[in-house]
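A.B. asks: Pasting in a structure now, in structure tokens, and then I'll have a few things to ask.
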Amino acid sequence: KLIQLTPGGSVPITDVSDAIALSAQHGLTKEGCLSLLKYLYQVGSVLYFSGQVALSNVLFPSTAFVVNVFKAVFRHDHLDLSYDNRFMRSGISLQQFEKIKSDLVRNGIARIPMLLALWNEFHLTADRHIDIFIRLFLAFDFAYLIASKDEVAQRLSNTFR
């Protein structure tokens with residue numbers, strides 16, 4: 366039942382606290398549930414990062430789902446991307462699309478609007494889900510946060526006032 370735990374929709378991401386509550390209904394203590402989650406993680410049935418502070422309360426009951434979300438970003442054919450409904454639904458204009466596609470293809474920079482569009486098919490519409498996957502990318506060192514020139518200029522101007 367823990368592996369099938371997907372609250373509130375089709376996105377297989379849940380809180381560890383939900384798993385603990387479900388386990389309690391079946392007579393398992395919190396410690397027993399956490400041990401079970403660690404075991405399920407070790408055998409590859411779930412993704413659970415007990416040692417990662419930023420992800421310690423997140424449970425991914427479907428490893429395949431996580432792999433597919435990663436594959437949407439890390440692929441060889443982004444050069445073939447065309448401006449379509451997923452970009453329009455994300456509020457990206459054709460001009461913005463060309464810029465963020467160029468950043469992705471030439472510089473390896475996946476801006477948040479691009480990620481939102483690429484992840485559209487996975488229904489990662491809640492800010493929480495987007496935040497979780499960004500934290501997951503950062504935890505695996507698949508991504509790094511970079512500041513724009515404007516953000517850097519703003520920080521510098523605030524520092525030297």
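Just so we're aligned: the sequence shown equals residues 366 to 526 in this note's numbering. The beta-carbon is built from N, C-alpha and C at its ideal position, and this holds for glycine as well.
1. Just how far apart, CA to CA, sit ALA504 and LEU459?
2. Roughly how many angstroms lie between the CA atoms of GLN407 and LEU446, to the nearest whole one?
3. Can you check which of these residues, SER382, ARG440 and GLY392, is closest to SER421 by C-alpha distance?
4. What residues in its chain sit with their C-beta under 7 Å from that of PHE462, if we drop five residues either side in the sequence?
5. Could you give the uninterrupted runs of the alpha helix (DSSP H) lying entirely in the stretch 381 to 457, keeping only those of 4 residues or more?
6. In its own chain, which residues sit with a C-beta less than 7 Å from the C-beta of ARG454, not counting the 5 before and 5 after it?
7. Can you tell me whether PHE507 is buried or exposed? The criterion is at least 16 other CB atoms within 10 Å of its CB, across all chains shown.
8. Between which residues of its own chain and VAL423 is the CB-CB distance below 6 Å, once the five residues before and five after are set aside?
9. Roughly how many whole angstroms lie between the Cα atoms of SER467 and PRO478?
10. Got a sec? Which residues, its chain only, sit under 6 Å from ILE474 by beta carbon, not counting five neighbours each side?
11. Give me the Cα-Cα distance between LEU489 and ILE495, rounded to the nearest whole angstrom.
C.D. replies: According to the structure data:
1. Taking the first residue of the sequence shown as 1, we reach residue 504 at position 139. Taking the first residue of the sequence shown as 1, we reach residue 459 at position 94. One C-alpha to the other measures close to 32 Å.
2. In the sequence shown, residue 407 corresponds to position 42, counting from 1. In the sequence shown, residue 446 corresponds to position 81, counting from 1. If you draw a straight line from the Cα of GLN407 to the Cα of LEU446, it comes to about 36 Å.
3. As a working mapping, residue 421 is identified with position 56 in the sequence shown. Out of SER382, ARG440 and GLY392, SER382 has the C-alpha closest to the C-alpha of SER421.
4. To locate residue 462, count along the sequence shown from 1; it is residue 97. Cβ neighbours of PHE462 beyond the five flanking positions: TYR448 and PHE452.
5. 381 to 390, 395 to 407, 428 to 438 and 450 to 454
6. Position 89 of the sequence shown, counted from the start, is the residue given in the question as residue 454. So the list reads ASN485, once near-sequence residues are dropped.
7. Position 142 of the sequence shown, counted from the first residue, corresponds to residue 507. Its Cβ having fewer than 16 others within 10 Å, PHE507 is exposed.
8. Position 58 of the sequence shown holds residue 423. Excluding positions up to five away in sequence, the list reads ILE497.
9. Reading the sequence shown from its first residue, position 102 is the one you call residue 467. Reading the sequence shown from its first residue, position 113 is the one you call residue 478. Roughly 13 Å separates the two Cα atoms.
10. Against the sequence shown, residue 474 aligns to sequence position 109. So the list reads ASP468, once near-sequence residues are dropped.
11. Taking the first residue of the sequence shown as 1, we reach residue 489 at position 124. Taking the first residue of the sequence shown as 1, we reach residue 495 at position 130. Distance between the alpha carbons of LEU489 and ILE495: 6 Å.
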